Amino acid sequence: MTERPFSISGELTEAGHRLVQRVYYEDTDFSGLVYHARYLHFLERGRTDYLRCLGVEQRELVSADEEGLVFVVHRMEIDFKSPARMDDVLTILTHTEKAGGAKMVLNQQIRSGETLLIAAKVIIAVINARGRPRRLPETLAAKFLEGSMPL
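Residues in the sequence shown are numbered consecutively from 1, following UniProt numbering.
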């Protein structure tokens with residue numbers, strides 16, 4: 001892939017999406033380590049900016065047609081491998097494993113340098129604006145699968 005200018009939304013790579021974030025004091029607990037629930041915030045930022053870099057505007061999907069389209073987390077598996085600390089620079093990697101039907105499966109990692117801190121598998125349900133399951137349009141599924149190699 002070609003070099004792109006720096007973006008606060010991260011970048012698309014051959015393996016998916018890459019986002020860099022710093023750990024701030026607000027992310028830590030009394031021990032100085034990142035509080036376990038804060039990793040959900042980092043993972044969500046990774047998924048949201050992945051969509052943004054793909055040109056998918058979630059706000060527009062809700063009203064794109066008469067049904068609307070919304071992504072919601074259905075299931076998440078997280079392996080906590082190693083803790084992050086204040087001022088660490090984290091890399092959040094997001095890769096599409098599956099996109100089709102009424103769900104997507106995303107694999108995510110949070111790394112500090114070469115150290116794997118978090119490995120997560122996120123199952124995303126595709127629903128309409130009324131909360132009922134909806135098929136992911138093929139053109140959108142193709143965007144998620146394009147160039148996404150395993151992490």
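C-beta: ideal position from N, C-alpha, C; glycine also. Bear in mind the structure is a predicted one, so any value in this text is a computation, not a measurement.
Buried versus exposed, by CB contacts within 10 Å (16 or more), residue i
| i | result |
| --- | --- |
| H95 | buried |
| T28 | buried |
| Q58 | exposed |
| I8 | exposed |
Within 8 angstroms, strictly: CB atoms of residue i and residue j
| i | j | result |
| --- | --- | --- |
| R38 | L93 | no |
| A102 | R130 | no |
| A125 | L43 | no |
| R47 | L117 | no |
Neighbourhood of residue i by C-beta, 6 angstroms cutoff - its chain only, sequence neighbours within 5 removed
| i | result |
| --- | --- |
| R22 | V89 |
| G68 | V62, N128 and A129 |
| K143 | L54 |
For residue j and residue i, believed in contact at Cβ under 8 angstroms, the rounded distance
| i | j | result |
| --- | --- | --- |
| I127 | V70 | 5 angstroms |
Inset, instruction - Determine, using beta-carbon pairs with one atom in the stretch 74–88 and one in the stretch 47–57, whether at least three such pairs fall under 8 angstroms. - result: no
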